[in-house]
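Asker: In terms of our numbering, the sequence shown opens at residue 293 and continues consecutively.
Where a beta carbon is used, it is the ideal one built from N, C-alpha and C, also for glycine.
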Amino acid sequence: MFISNYRAMNHSTLHVTPILVIVAASVAAVKAPFVLRRLREAGYALQVIASERALHFVTPLALTTAAEAQIHTDQSWFEPQAGAKHLELSHFPKMVLVVGATADLMAKAALGLADDLACATLLSVRCPVLWVPAMNPHMWLHPATQSHKTTLEGWGQRFLGPLEGKLGTQGEASGLGRMVEPEGIVEAVNRLLTVQDLAGKKIIVTAGPTREYLDPVRFISNPSSGKMGFAVAQRAASRGAVVSLISGPVHLAPPEGVEYVQINSALEMKAAVDLRFDSLGDGVDGVDGVVMTAAIADYRAKDQASEKQAKVAENVTLELVPNPDILKGLGARKASHQVLVGFAMETHAGLERASLKVQRKNLDFICLNYPTQAGLGFGSDDNDVTCVWADSRVEEWGRRSKLEVADLILDRMLEVWQA
293 MFISNYRAMN HSTLHVTPIL VIVAASVAAV KAPFVLRRLR EAGYALQVIA SERALHFVTP
353 LALTTAAEAQ IHTDQSWFEP QAGAKHLELS HFPKMVLVVG ATADLMAKAA LGLADDLACA
413 TLLSVRCPVL WVPAMNPHMW LHPATQSHKT TLEGWGQRFL GPLEGKLGTQ GEASGLGRMV
473 EPEGIVEAVN RLLTVQDLAG KKIIVTAGPT REYLDPVRFI SNPSSGKMGF AVAQRAASRG
533 AVVSLISGPV HLAPPEGVEY VQINSALEMK AAVDLRFDSL GDGVDGVDGV VMTAAIADYR
593 AKDQASEKQA KVAENVTLEL VPNPDILKGL GARKASHQVL VGFAMETHAG LERASLKVQR
653 KNLDFICLNY PTQAGLGFGS DDNDVTCVWA DSRVEEWGRR SKLEVADLIL DRMLEVWQA
């Protein structure tokens, strides 16, 4: 059995990408710290420009704390220093993100004005620019604003939103002008900065636990948080795949841009997976791959009570029957273009058991992990995975964030498809 240690660069290099965030002077500037925090949590290196009027809505301290980076303002632009700050900032980013973009800032950028730090920097950068507008619907739909949008798009710059929804200005209950939420902004950034090497691939990801009810209020389950599966779904979607995320009960928001299917029991999970494995409907062929991270219960009650059972003083015997092995069933009928990935959570004899599972279930590879390791239990943000292949190769990936593990899994699936 060949064992290797994997330490090469992979698609998670997005986590060191520098981004320049411009906070514009809309009411939505109050959400800027949340956007900055989400970007920082995703691992991006940040620099921040705050327009003078934006600081009427949000403080420099709030922005600095969220970004863990220096905040640049018009005042700092004119501080005595060598060089030109707007030119220095223009060399920093791989992307400029304009949060809460106003009609005024769009107009000045489209006209090539450079009378403040934000505009001067926008005129100097040579990287992608993503505008996230937030304004009154009348301002957004005005022909002048739409003309400026067309100009900026003609230069290759992109827009995210605005959305229809509740607005922050008095007298306007709702309309087309609400800024996209921070999670959606981060997902859009991920997509724009990630190579779309999975474009056209259709992938099923399962996540979380299942619940096998004994009666309407009692069930058998496990502590799976679903984080690993959600990470795989997020990164697969960011890399261009069409993703169906099928999950048991978890406390996580699904990633942007995926089909999200909520289930409870193992039988419900099987039905949802089977429906998508062979066909996505409308004559579309079945999926290209499955990543089975869900912690599916091995057994369910033979007879589920229709009413809550009263507590009794004596011992109670439960009769359990096996749940179907969903992944084994997929392996028995997988086509040559389909890649199957399983997860093996073991407390001992891990390699031996994982090697047997990958053969028995006809998988391409299986991800072995140990939930009893310190700091790697249920609900943790990291994982320590050993990749066990059907041809007996073994790769030790070491402790990594679940997003990094997700990218490694997708990298390996891509290698199988390319082969």
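Comparing C-alpha positions only, which one of K519, N482, L379, S530 sits nearest to L491?
Answerer: If you number the sequence shown from 1, residue 491 lands on position 199. The amino acid occupying residue 491 in the given sequence is Ala; Leu does not appear at that position. With distances taken between Cα atoms, A491 lies closest to S530.
Asker: The alpha helix (DSSP H) spanning M520 covers which residue range?
Answerer: Your numbering for residue 520 matches position 228 in the sequence shown. Following the DSSP letters along the chain, one finds M520 inside the alpha helix (DSSP H) bounded by residues 519-530.
Asker: Which whole-angstrom value describes the C-beta separation of T413 and S382, a residue pair presumed to lie in contact below a C-beta threshold of 8 Å?
Answerer: To locate residue 413, count along the sequence shown from 1; it is residue 121. To locate residue 382, count along the sequence shown from 1; it is residue 90. At roughly 6 Å, the Cβ-Cβ gap stays under 8 Å, so T413 and S382 are in contact.
Asker: Mapping DSSP to helix, strand and coil, what is E551?
Answerer: For this step, residue 551 is matched to residue 259 along the sequence shown. Three-state result, E551: strand.
Asker: Across the stretch 423-436 and the stretch 386-400, are there enough close Cβ pairs to call them in contact, namely three or more that are closer than 8 Å?
Answerer: Touching, per the Cβ criterion.
Asker: Mind reading off the beta-carbon distance from E548 to E479? Whole number of angstroms is fine, and I expect it under 8 Å.
Answerer: Taking the first residue of the sequence shown as position 1, residue 548 is located at position 256. Taking the first residue of the sequence shown as position 1, residue 479 is located at position 187. Going by Cβ atoms, the distance from E548 to E479 rounds to 4 Å, so yes, they are a contact pair.
Asker: By how many angstroms is the C-alpha of T502 removed from the C-alpha of L544?
Answerer: Numbered from its first residue, the sequence shown carries residue 544 at position 252. Numbered from its first residue, the sequence shown carries residue 502 at position 210. In a straight line, the C-alpha of L544 is about 15 Å away from that of T502.
Asker: Quick check on DSSP: helix, strand or coil for C504?
Answerer: Within the sequence shown, residue 504 is the residue found at index 212, counting from 1. Here residue 504 is Glu; the residue named in the question, Cys, does not match the sequence. Reduced to three states, the DSSP call for E504 is strand.
Asker: Would you please state the rounded distance, in angstroms, between the beta carbons of I618 and M561? I believe it to be under 8 Å.
Answerer: Position 326 of the sequence shown, counted from the first residue, corresponds to residue 618. Position 269 of the sequence shown, counted from the first residue, corresponds to residue 561. With 8 Å as the limit, I618 and M561 qualify as a contact, their Cβ atoms being about 6 Å apart.
Asker: Starting from Q685, trace the beta strand (DSSP E) in both directions and tell me its first and last residue.
Answerer: Translated into the one-based positions of the sequence shown, residue 685 becomes position 393. Note that residue 685 corresponds to Arg in the displayed sequence, not to Gln. Segment: none, R685 is in no beta strand (DSSP E) and carries neither H nor E.
Asker: Does the beta-carbon of L452 have 16 or more other beta-carbons within 10 angstroms, so that it is buried, or is it exposed?
Answerer: Translated into the one-based positions of the sequence shown, residue 452 becomes position 160. Buried is the call here.
Asker: If you count every other CB in all the chains shown that lies within 10 Å of the CB of W447, and 16 or more means buried, which is it?
Answerer: In the sequence shown, counting from the first residue as 1, residue 447 sits at position 155. Counting Cβ neighbours within 10 Å, W447 comes out exposed, since fewer than 16 surround it.
Asker: Suppose only complete runs of 4+ residues qualify. What are the alpha helix (DSSP H) ranges in the stretch 416-481, listed by chain order?
Answerer: Unbroken alpha helix (DSSP H) stretches of 4 residues or longer found wholly inside the stretch 416-481: 429-433, 435-446, given in chain order.
Asker: Considering only DSSP beta bridges, list what V661 is partnered with.
Answerer: Within the sequence shown, the letter at position 369 stands for residue 661. In the sequence on display, residue 661 carries Asn and not Val. The partner list for N661 (beta bridge, DSSP) reads M637.
Asker: Using the three-state DSSP reduction, which class does L622 fall into: helix, strand or coil?
Answerer: Working through the sequence shown from its first residue, we reach residue 622 at position 330. Three-state result, L622: helix.
Asker: Among S672, L643, F670, whose alpha-carbon lies nearest the alpha-carbon of I658?
Answerer: The residue given as residue 658 occupies position 366 in the sequence shown. Minimum Cα distance to I658 is reached at L643.
Asker: For D590, collect the residues of the same chain with a Cβ closer than 8 Å to its Cβ; drop the 5 residues on either side in sequence, then sort them by chain order.
Answerer: To locate residue 590, count along the sequence shown from 1; it is residue 298. If we look at D590 and ignore the five residues flanking it on each side, its Cβ neighbours are P614, N615.
Asker: With C-beta atoms as the reference, is E606 less than 7 Å away from S557?
Answerer: Sequence index remark: in the sequence shown, residue 606 carries index 314 (1-based). Sequence index remark: in the sequence shown, residue 557 carries index 265 (1-based). No. Outside cutoff.
Asker: Classify T442: buried if its beta carbon has 16 or more other beta carbons within 10 angstroms, exposed otherwise.
Answerer: Counting from 1 along the sequence shown, the entry for residue 442 is found at position 150. When all chains shown are included, T442 counts as exposed.
Asker: Which of the three DSSP states is assigned to L559 in this structure?
Answerer: As a position in the sequence shown, residue 559 is number 267, starting the count at 1. It is helical.
Asker: Alpha carbon to alpha carbon, how far is L506 from V604? Give it in angstroms, no decimals.
Answerer: Residue 604 sits at position 312 when you count from the first residue of the sequence shown. Residue 506 sits at position 214 when you count from the first residue of the sequence shown. Spanning the two alpha carbons is a distance of roughly 15 Å.
Asker: Just verifying my parser: in three-state terms, what is the DSSP assignment at T309?
Answerer: Within the sequence shown, numbered from 1, the residue matching residue 309 stands at position 17. Of the three classes helix, strand and coil, the one that applies to T309 here is coil, per DSSP.
Asker: Within a Cβ cutoff of 7 Å, which residues of the same chain sit near R568, ignoring the five residues on either side of it in sequence?
Answerer: Within the sequence shown, the letter at position 276 stands for residue 568. The answer, listed in chain order, is I496, S536, V579.
Asker: To which residues does DSSP link C411 through a beta bridge?
Answerer: The residue you call residue 411 lines up with position 119 of the sequence shown. The partner list for C411 (beta bridge, DSSP) is empty, contrary to what the question assumes.
Asker: I'd like to confirm the pairing. Which residues does DSSP put opposite Y591 in its beta bridges?
Answerer: The residue you call residue 591 lines up with position 299 of the sequence shown. Paired residues: P614.
Asker: Measuring CA to CA, which of I341, F326, E638, F635 is closest to G476?
Answerer: By 1-based counting over the sequence shown, the position of residue 476 is 184. Closest option to G476, Cα to Cα, is F326.
Asker: Tell me the residue span of the alpha helix (DSSP H) that contains G642.
Answerer: Taking the first residue of the sequence shown as 1, we reach residue 642 at position 350. Taken as a continuous stretch (DSSP letters only), the alpha helix (DSSP H) holding G642 covers 642-652.
Asker: With DSSP as the reference, label T678 as helix, strand or coil.
Answerer: Numbered from 1 along the sequence shown, position 386 holds the residue referred to as residue 678. Reduced to three states, the DSSP call for T678 is strand.
Asker: Give the secondary structure of F511 by DSSP, where H, G and I count as helix, E and B as strand, and everything else as coil.
Answerer: If you number the sequence shown from 1, residue 511 lands on position 219. It is a strand residue.
Asker: Rounded C-beta distance between G469 and L459? I'm assuming under 8 Å.
Answerer: In the sequence shown, counting from the first residue as 1, residue 469 sits at position 177. In the sequence shown, counting from the first residue as 1, residue 459 sits at position 167. So it is a contact: roughly 6 Å between Cβ atoms.
Asker: When the Cα atoms are used, what is the spatial distance from Q449 to P420?
Answerer: As a working note, residue 449 is residue 157 in the sequence shown. As a working note, residue 420 is residue 128 in the sequence shown. Distance from the CA of Q449 to the CA of P420, rounded to the nearest whole angstrom, comes to 6 Å.
Asker: Could you check which residue in A499, L559, A698 has the C-alpha nearest to that of V542?
Answerer: Position 250 of the sequence shown, counted from the start, is the residue given in the question as residue 542. V542 has its Cα closest to that of A499, out of A499, L559, A698.
Asker: What's the call for P508, buried or exposed, on a 16-neighbour Cβ count within 10 Å?
Answerer: The count along the sequence shown starts at 1 and reaches residue 508 at position 216. So P508 counts as exposed.
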